[in-house]
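Residue 177, in our numbering, is where the sequence shown stops; the numbers in between run on with no holes.
Ideal Cβ positions, reconstructed from N, Cα and C, are used throughout, including at glycine.
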Amino acid sequence: MKPRYRGGTRLSKREFVDQQWLCGMLTLQDIEGRPQLGLWEARPDTMPPPLGILWRPEVVACAFDTISFAGTEQVNGRWCYQVWYCEVHSLPGALSQKLLEAAATIGHEPK
């Protein structure tokens with residue numbers, strides 16, 4: 067997963083493409099009646115903190131083996147709009163890079 071925003075500010079195309087992938091397992095659950103999408107690192111020992119939590123997620127784009135979710139996340143006590151770009155990495159590296167660069171140009175602003 068790569069987030070599209072940092073602290074509520076949209077990343078530049080270069081910042082978005084150059085950031086490290088957060089790898090883990092996506093889980094969707096209801097917490098007190100609100101949907102929550104979490105990204106968790108899979109480890110056999112202790113339960114690590116989530117790599118990310120997206121509240122009230124919705125699917126905003128889906129193509130090949132990529133999917134983008136939009137929702138809100140809490141950053142330093144502030145609620146911010148966020149888009150997660152997710153990929154299962156089963157495509158050849160060159161095609162994955164092209165898809166990632168194309169995702170950087172898509173308008174993910176809420177309507």
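Can you tell me whether Asp96 is helix, strand or coil according to DSSP? Looking at Asp96 - three-state DSSP - the assignment turns out to be strand.
Between the C-alpha atoms of Thr112 and Thr75, what's the straight-line distance to the nearest angstrom? Taking the straight line joining both Cα atoms gives about 33 Å.
If you measure between the beta carbons of Ala108 and Gly137, is that distance less than 9 Å? Here Ala108 is not near Gly137, since their CB atoms are 9 Å or more apart.
Please give me, in chain order, every unbroken run of the beta strand (DSSP E) with length at least 3 that falls completely inside the segment 121-164. Within the segment 121-164, the complete beta strand (DSSP E) runs of at least 3 residues are 132-141 and 144-153.
Taking Gly104 and Pro116 to be in contact with their CB atoms under 8 Å, please state how far apart those CB atoms are, rounded to whole angstroms. With a Cβ gap of about 5 Å, Gly104 and Pro116 count as contacting.
Can you check which of these residues, Ser78, Leu92, Val141 and Val126, is closest to Arg171 by C-alpha distance? Reading off the sequence, residue 171 comes out as Thr, not Arg. Distance check between Thr171 and each of Ser78, Leu92, Val141 and Val126 places Ser78 closest, using alpha-carbon atoms only.
Alpha carbon to alpha carbon, what distance is there between Ile97 and Gly88? Here residue 88 turns out to be Leu, not Gly, going by the sequence shown. Each residue's Cα considered, the two are about 23 Å apart.
Assigned secondary structure, Arg80 (DSSP; H/G/I helix, E/B strand, else coil): Arg80: helix per DSSP, three-state reduction.
Would you list the residues sitting across from Leu105 in a DSSP beta bridge? In the DSSP output, where bridge partners are listed per residue, Leu105 has Leu92 and Gly118.
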